[in-house]
Ligand code: BTN
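Numbering (this note's numbering), first residue to last: 2 to 249.
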């Protein structure tokens, strides 16, 4: 393990770990940390995905990190964090010359494949979020994916460039920290409009699968809590994460 500081950020490098999000949570539980901290690794054995999902990443190939931040967002504003992080990955990929989209709620897509996933775990104290663990997995140099991950793509698949993992980890984390400063006082409506501008299939007719039915609808927006608003037979219905899936 290596610990050092860079751009006012504490940095913990781990050769191998079960999950960087879990590691960050353990540090918080032991009260060993109270400053912006980046935890990254070359090898994650039990990566956590959204919901019950896991996150697979080939060793020494991709960005695997958790950023622990102490921004005092109101608990009701939790989706602002998701938006800021999604926009940051979008900005990072733009810098690398590729045009991504945000797939609701916070997957990052290149064309119709997933290049990055975000897992945000917030601790709530009263009405406020006392800290957030922002876990990011971004496929960087991996060229082949297991058969069950037909939907995955990496930056190298797109650009043919081999990237330096450490440099890219620092670059993306700095963009996220900079954007928290830039956007934390902005209204939800301001952030929502930026999010919608870059949202995958926004205002397009798509096929969805909910628990009970398959239906066609048009994505019209999101509400303050991050629910997806879909126009369906002339009415607007809202869905939370895991209540529906896109059928592409
Ligand atoms: C998803 O799309 O399901 C979210 C994936 C998030 C994966 C990252 S990898 C680094 C961090 N540590 C984890 O265990 N998960 C997140």
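Ideal placement from N, C-alpha and C gives every residue a C-beta, glycine not left out.
Extent of the continuous alpha helix (DSSP H) run through residue i
i, result
"residue 151", "It is not in any alpha helix (DSSP H) - residue 151 carries neither H nor E in the DSSP assignment."
"residue 6", "Careful: residue 6 lies outside any alpha helix (DSSP H), inside the beta strand (DSSP E) at 3-7."
"residue 89", "79-96"
"residue 143", "Run containing residue 143: none; DSSP gives neither H nor E here."
"residue 209", "Premise fails: residue 209 lies in the beta strand (DSSP E), 206-211, not in any alpha helix (DSSP H)."
"residue 76", "Counting along the chain, residue 76 falls outside any alpha helix (DSSP H), and DSSP gives it neither H nor E."
"residue 22", "21-30"
Residue i - DSSP class collapsed to helix/strand/coil
i, result
"residue 110", "strand"
"residue 70", "strand"
"residue 196", "helix"
"residue 121", "strand"
"residue 46", "coil"
"residue 36", "coil"
"residue 250", "It is not possible to answer for residue 250, since the shown part of the chain is limited to 2 through 249."
"residue 184", "helix"
"residue 155", "coil"
"residue 58", "coil"
"residue 201", "coil"
"residue 179", "helix"
"residue 164", "coil"
Endpoints, the beta strand (DSSP E) within which residue i is located
i, result
"residue 104", "102-104"
"residue 253", "An answer regarding residue 253 cannot be provided, because it is not within the stretch 2 to 249 covered by the chain."
"residue 247", "245-248"
"residue 237", "236-240"
"residue 232", "229-233"
"residue 51", "Element bounds for residue 51: n/a, residue is neither H nor E."
"residue 18", "Counting along the chain, residue 18 falls outside any beta strand (DSSP E), and DSSP gives it neither H nor E."
Residue environment, residue i, which counts as buried when at least 16 other CB atoms sit within 10 Å
i, result
"residue 88", "buried"
"residue 80", "buried"
"residue 102", "buried"
"residue 208", "exposed"
"residue 108", "buried"
"residue 42", "buried"
"residue 214", "exposed"
"residue 143", "buried"
CB-CB length for residue i against residue j, believed under 8 Å
i, j, result
"residue 237", "residue 105", "About 15 Å separates the two Cβ atoms, so there is no contact after all."
"residue 136", "residue 154", "Residue 136 to residue 154, Cβ: 19 Å. No contact."
"residue 115", "residue 141", "13 Å between Cβ atoms; not a contact."
"residue 200", "residue 216", "That belief does not hold up - the Cβ atoms of residue 200 and residue 216 are roughly 19 Å apart, past 8 Å."
"residue 202", "residue 177", "Contact flag wrong, Cβ pair sits at about 25 Å."
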